[in-house]
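Start counting the sequence shown at 40; every next residue gets the next number (my numbering). Positions of the beta carbon are idealized from the N, C-alpha and C atoms, including for glycine.
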Amino acid sequence: MTRTVYVNGDYLPETEAKVSIFDRGFLMADAVYEVTSVLGGKLLDFQGHVARLQRSLSELQMVSPVTMDELLEIHHQLIEKNDLDEGGIYLQITRGAGADRDFLWPDPEEVQGGIVLFTFAKKITANKSIDEGIKVISIEDLRWGRRDIKTTQLLYPSFAKMQAKKAGATDAWFVEDGYVTEGYANNVYIVKDGVIITRQLSNDILHGITRAAILKFAAEAQMKVEERPFTIEEAQAADEAFATSATGFSQPVVEIDGVTVGTGKPGPVSKRLREIYIEEMPKTAL
Ligand code: PLP
40 MTRTVYVNGD YLPETEAKVS IFDRGFLMAD AVYEVTSVLG GKLLDFQGHV ARLQRSLSEL
100 QMVSPVTMDE LLEIHHQLIE KNDLDEGGIY LQITRGAGAD RDFLWPDPEE VQGGIVLFTF
160 AKKITANKSI DEGIKVISIE DLRWGRRDIK TTQLLYPSFA KMQAKKAGAT DAWFVEDGYV
220 TEGYANNVYI VKDGVIITRQ LSNDILHGIT RAAILKFAAE AQMKVEERPF TIEEAQAADE
280 AFATSATGFS QPVVEIDGVT VGTGKPGPVS KRLREIYIEE MPKTAL
């Protein structure tokens, strides 16, 4: 079956989908995005993703070419047209195609933003990396200072992921001024003596939608949480470590920079939070 994608108002076979070479998303990474996971053909935490999308757009003075209700309808249409049961939907909104490559933003009254969505099928409830945990490396955080905005400037995270692969690991954790900020595409946590430790929200990290849900479930399960920065050394000496993201849920981490974390097996806290997440999130899925 050829995948159907959505581009600027049209549902098209992926091979026929085209965007302008003058689109600022293409020329300048002048674009924001979201990834929403799909389970049982339904969207997990769509409200959370839409709220963050609106915040990203507003921080960059961008205007969405569609309303948020239309956006939900497009997501549903794509799930149906692609018969998607498990996986996710990628959504990108750009500032559109202005005058060649002007560094000044075009007036949103004159230039409409671009919009692209596509589905991807992927096993997100169970996979080998969840059963075994993953290895990560640390790398200096050289990204820009507004990591709370979900932009498509992903060259450095992509570089970090390549470095991880070269080192025989799966993911990279960013470190700034001696402290871990977040993972290349996830928020990160350690557990020590029963306390879950994760960096507090600020412009230094993306405000993960999964992070918010996981911390809520942790509080409801009477787990102790400390929101503060931690170092790589502290993480290596922790009882367990894990990362969260929309399609990864809670992903156990068993090795950091070649040092085994805890027993070297996925820890009970990330496992329990993952179970709760998979049990609870479908209840509010759209
Ligand atoms: N941090 C970064 C840098 C990310 O790219 C992502 C997801 O792409 C996350 C955290 C996790 O966010 P969410 O849980 O909303 O997927």
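Check                                                                                                                                                            : Outcome
For L99, I'd like the list of residues in its chain whose CB is within less than 7 Å of its CB, leaving aside the five on either flank, ordered along the chain. : V71, I188
Skipping 5 residues on each side, what residues in its chain have a beta carbon closer than 7 Å to that of G87?                                                  : I248, A251
What span of residues does the beta strand (DSSP E) with Y45 cover, start to end?                                                                                : 43-46
On the three-state DSSP scale, how would you describe L240?                                                                                                      : coil
From K231 to R182, what does the alpha carbon distance come to, in whole angstroms?                                                                              : 29 Å
Between V150 and the ligand PLP, is the CB less than 7 Å from at least one heavy atom?                                                                           : no
Excluding sequence positions up to five away, which residues of its chain have a Cβ less than 6 Å from the Cβ of N226?                                           : G247, R250, T283
Determine the contact status of S168 and Q290, defining contact as a CB-CB distance below 8 Å.                                                                   : yes
Buried or exposed, going by whether 16 or more other CB atoms sit within 10 Å of the CB of N121?                                                                 : buried
Cβ-heavy atom distance between S103 and the ligand PLP below 7 Å?                                                                                                : no
I'd like the list of long-range same chain contacts for A68, defined as Cβ closer than 7 Å, with 5 residues on each side in sequence excluded.                   : T190, T191, Q192
Can you grab the Cα-Cα spacing for the pair G233 / V74, in whole Å?                                                                                              : 31 Å
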